[in-house]
Structures are given as structure tokens and as C-alpha cells.
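**Q**
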Amino acid sequence: MMESSKFKIGLCQLSIASDKKANIEKARSLIEFASKQGASLVVLPEMWNCPYSTDYFEGFAENFDDQDSASSFKMLSEVACQEGITIVGGSMPEWSEGHLYNTCCVFAPNGKLLAKHQKIHMFDADVPGDVSFKESDIFLAGTRPTIVDTDVGRIGIGICHDICFPELAMVYRDGGAHLICYPGAFNMSTGEALWELEQRARAVDNQLYVATCSPSRDSAGSYTIWGHSTLVNPLGEIIATSGHDETIVIAEVDYAAIQRTRESLPTLKQRRQDVYQFIDYHF
Ligand SMILES: NC(=O)CCC(=O)C(=O)O
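Residue numbers 1 to 283, in UniProt numbering, belong to the letters of the sequence shown in order.
1) Would you say V210 touches ligand 1, meaning its beta carbon is less than 8 Å from a heavy atom?
2) State the start and end residues of the unbroken alpha helix (DSSP H) segment that holds R262.
3) DSSP three-state call for residue 311: helix, strand or coil?
4) Given C181, which residues of its chain have a CB within under 7 Å of its CB, disregarding the five upstream and five downstream residues?
5) Is Q13 buried or exposed, if buried means 16 or more other CB atoms sit within 10 Å of its CB?
6) Could you give the DSSP three-state label for E58: helix, strand or coil?
7) Can you tell me whether D137 is helix, strand or coil according to DSSP?
8) Using C-beta distances below 6 Å, list every residue in its chain close to Q118, excluding the 5 sequence neighbours before and after it, in chain order.
9) Pick helix, strand or coil for N63, following the three-state DSSP scheme.
10) Check whether the Cβ atoms of N49 and S96 sit closer than 9 Å, and answer yes or no.
11) Is the distance from the Cβ of S242 to the Cβ of S222 below 9 Å?
12) Put N23 into one of helix, strand or coil per three-state DSSP.
13) Answer yes or no: do A34 and I250 have a C-beta to C-beta separation smaller than 9 Å?
14) Which one or two residues does DSSP pair with I159 in a beta bridge?
15) May I have the straight-line CA-CA distance separating residue 292 from G129, to the nearest angstrom?
16) Go ahead and pull the three-state DSSP assignment for residue 315.
17) Could you give the distance in angstroms between the alpha-carbon of T224 and the alpha-carbon of E135?
18) Please list, following the chain, all residues that have a C-beta closer than 6 Å to any non-hydrogen atom of ligand 1.
19) Alpha carbon to alpha carbon, what distance is there between Y281 and T247?
20) Can you give the Cα-Cα distance for A108 and G191, rounded to whole angstroms?
21) Please name the residue in K116, D126, E46 whose C-alpha comes closest to that of D65.
22) Do A185 and C160 have their CB atoms nearer than 9 Å?
23) Is the CB-CB distance between D218 and P45 below 9 Å?
24) Tell me the residue span of the alpha helix (DSSP H) that contains residue 284.
25) Buried or exposed: V275, going by 16 or more other Cβ atoms within 10 Å of its Cβ?
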């Protein structure tokens, strides 16, 4: 399905408001702008249509099968088709079979839905005096990894806290992914400590590209977002990144770097599955 090993990616680091219609309009104009800059793959942040707060998720959620009310879903499909680009549509709160999920939709250049990833690892954290959040109070966790073949390569999808689990990234690598996209919304605490580290670790361990996209910083709510949307290459090097303000990161992905890295540092071939198990020898 892939047409070329080189292409431009656009990471839309949107500022999110408590007005859903405004979020949809903003996202559309940033996607169009990224496309005009030559991006053939555009990535949005986690919860791009809704503030990252348990107070909002339910009210902003969409049932994607209900085309009349799924305005965010519809916009992504329309703009993918209008611009002829692939979109990894960040995430949105989704109603499905009576449950709420944190869901990423991937659209083809003809506007067709290619894949849907429901966030697998719930962000439940309580650091006294610092960050406290419990996604599992409101969302049901997804149960399946998502790998999707697109015009811009084979892409694995994870949403935010999913990045902290190397096992998921390894499944994507073993499934032949060229790139893992993680829409995210890290906070000031774990953002500073872990955001860059997790991205570079997933990329270098698996020798593939990692792209992340965050909302821009909003200091008004209780959960302050870190920002710093980034593209990392298979050597774990940062190709392009941003600060915390609203912006679009445009960068070039070159999948030839995957093969080059894997040939010169063949760690994937050197794996020793025969010894990767703990045996207590009682020395
Ligand atoms: N929205 C999230 O999943 C936040 C994840 C996070 O901050 C982390 O440390 O993990």
C-alpha cells in the first residue's frame, strides 16, 4: 500500500477549549495547514475535541456509527478526503455498546476509516501533591493492539499512557510497523520526567520511527499539559520537536533509516528468547 519511503508528517499541537465546535474548527484548519505544508500524514493529540478532564469526557463523547451527531469523526473523514492525506485522528471520547472509550481513528486519503484503537492502558496515577487522575473511573480499557496499513506505511497506534508499555511497542515491531504514533497528553510532572525518554526508548528498542502529538499547554485546568510533540528516528534521535505552545511540527520521515539502522546494529536478530526468562537457580 505504501507509495514512497519518504514523506512529510504533520503533528498538530492544538490548544483545546471547552467548546467542542471550536475544537473541531481549529483542528480542521490546522490539518489543512499541515497538508498545505506538504504533510501526507497528519497526527492529532489525545482528546483533541475535548478538554482532558473527567468532567468533560462523557458530554463530548460520540457514537461513531451515528453519523448525524458524530461531528468530530465526520470532520476527520471529510478533511482526509478533501486533502487526500492519511490522518491519525488523535483521540476522542467514544460511546460504544454502552461504554465510554478513549479512541483513536485512522482515516485513509479517501476518507474511509482504516482502524480504530481504544486506549489499552488506563492512566490511573496518584502522586501526592502532584498529579492525580483516574481514567478507569470513566473509560473502559481497550483490549487489542492496532496495526494499520496506510499509504504512508504500516503504523502501530498507542494512546498516551500506552507509550509506557514496551510490550505493546514490541508487538508492533514484530508486526512489521515502520512507525508508532502516540497521541498523548502528558502532564507537567511525568511530562518533564518521562515524555521524551519513553519516546526515544520505544524508538531505539524497536528500531522504528515514533511520532507523538500532544495538545498545547493549558494552565487553566487542574491537569496542565506538557506539550512537546515530537518525531524520533530509529536511532532514538529527535528529528523535530516543539515547545508547549500551539504549533504544527512538520518533519520528514525516511523509512530507509529503519533498514540502515537494523543492518548496522542488528539487535533485533541478536535477541536471545531462550534466555529471557527468570529462573531461580538458588546459587
Ligand atoms: N493521558 C495520559 O495517559 C497521561 C499519561 C502520563 O502522563 C504518564 O505518565 O503515563
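Cβ atoms here follow ideal geometry from the backbone N, Cα and C, with glycine treated the same way.
Just so we're clear, the structure is a prediction, and the values are computed from it rather than from any experiment.
**A** Put simply:
1) What you label residue 210 is simply residue 210 of the sequence shown in a count that begins at 1. False, no ligand heavy atom lies under 8 Å from that Cβ.
2) Taking the first residue of the sequence shown as position 1, residue 262 is located at position 262. Looking at the DSSP string, the run of the alpha helix (DSSP H) that includes R262 is 256-264.
3) The structure shown does not extend to residue 311, since the chain is modelled only from 1 to 283, so the question has no answer here.
4) Working through the sequence shown from its first residue, we reach residue 181 at position 181. Correct list, in chain order: V43, V88, I155, I157, A211.
5) To locate residue 13, count along the sequence shown from 1; it is residue 13. So Q13 ends up on the buried side.
6) Reading the sequence shown from its first residue, position 58 is the one you call residue 58. Shown here, E58 sits in a helix according to DSSP, grouped into three states.
7) Reading the sequence shown from its first residue, position 137 is the one you call residue 137. Of the three classes helix, strand and coil, the one that applies to D137 here is helix, per DSSP.
8) Taking the sequence shown and counting its residues from 1, the one referred to as residue 118 is at position 118. For Q118, where only same-chain residues beyond five positions count, the Cβ hits under 6 Å are Y101, T103, G142.
9) For the purposes of this step, residue 63 is identified with residue 63 of the sequence shown, where counting begins at 1. The answer is coil: DSSP assigns N63 none of H, G, I, E or B.
10) Sequence index remark: in the sequence shown, residue 49 carries index 49 (1-based). Sequence index remark: in the sequence shown, residue 96 carries index 96 (1-based). Taking 9 Å as the Cβ cut-off, N49 and S96 do not qualify as a contacting pair.
11) Taking the sequence shown and counting its residues from 1, the one referred to as residue 242 is at position 242. Taking the sequence shown and counting its residues from 1, the one referred to as residue 222 is at position 222. Not closer than 9 Å, so no.
12) The residue labelled residue 23 in the question sits at position 23 within the sequence shown. Three-state result, N23: helix.
13) For the purposes of this step, residue 34 is taken as residue 34 along the sequence shown, with counting starting at 1. For the purposes of this step, residue 250 is taken as residue 250 along the sequence shown, with counting starting at 1. Going by C-beta atoms, A34 is nearer than 9 Å to I250.
14) Residue numbering aside, residue 159 sits at position 159 when the sequence shown is read from its first letter. In the DSSP output, where bridge partners are listed per residue, I159 has none listed.
15) The chain is shown only over 1 to 283; residue 292 falls outside these bounds and no answer can be derived.
16) Missing from the structure shown is residue 315; the chain here goes from 1 to 283 and no further.
17) Locating residue 224 in the sequence shown gives position 224, counting from the first residue. Locating residue 135 in the sequence shown gives position 135, counting from the first residue. Distance between the alpha carbons of T224 and E135: 16 Å.
18) Listed along the chain, these residues meet the criterion: E46, F123, C160, H161, C164, A185, F186, N187, T190, L194.
19) Within the sequence shown, numbered from 1, the residue matching residue 247 stands at position 247. Within the sequence shown, numbered from 1, the residue matching residue 281 stands at position 281. So the two alpha carbons sit approximately 55 Å from each other.
20) On the sequence shown, position 108 is the one that residue 108 refers to. On the sequence shown, position 191 is the one that residue 191 refers to. The straight-line gap from Cα to Cα measures roughly 31 Å.
21) On the sequence shown, position 65 is the one that residue 65 refers to. Of all alpha-carbon atoms in K116, D126, E46, the one lying nearest the alpha-carbon of D65 is that of K116.
22) Numbered from 1 along the sequence shown, position 185 holds the residue referred to as residue 185. Numbered from 1 along the sequence shown, position 160 holds the residue referred to as residue 160. It is a contact, given that the beta carbons lie within the stated cut-off.
23) Counting from one through the sequence shown, the residue named residue 218 turns up at place 218. Counting from one through the sequence shown, the residue named residue 45 turns up at place 45. Taking 9 Å as the Cβ cut-off, D218 and P45 do not qualify as a contacting pair.
24) This structure cannot speak to residue 284, because the chain is shown only from 1 to 283.
25) Your numbering for residue 275 matches position 275 in the sequence shown. Flag for V275 reads exposed.
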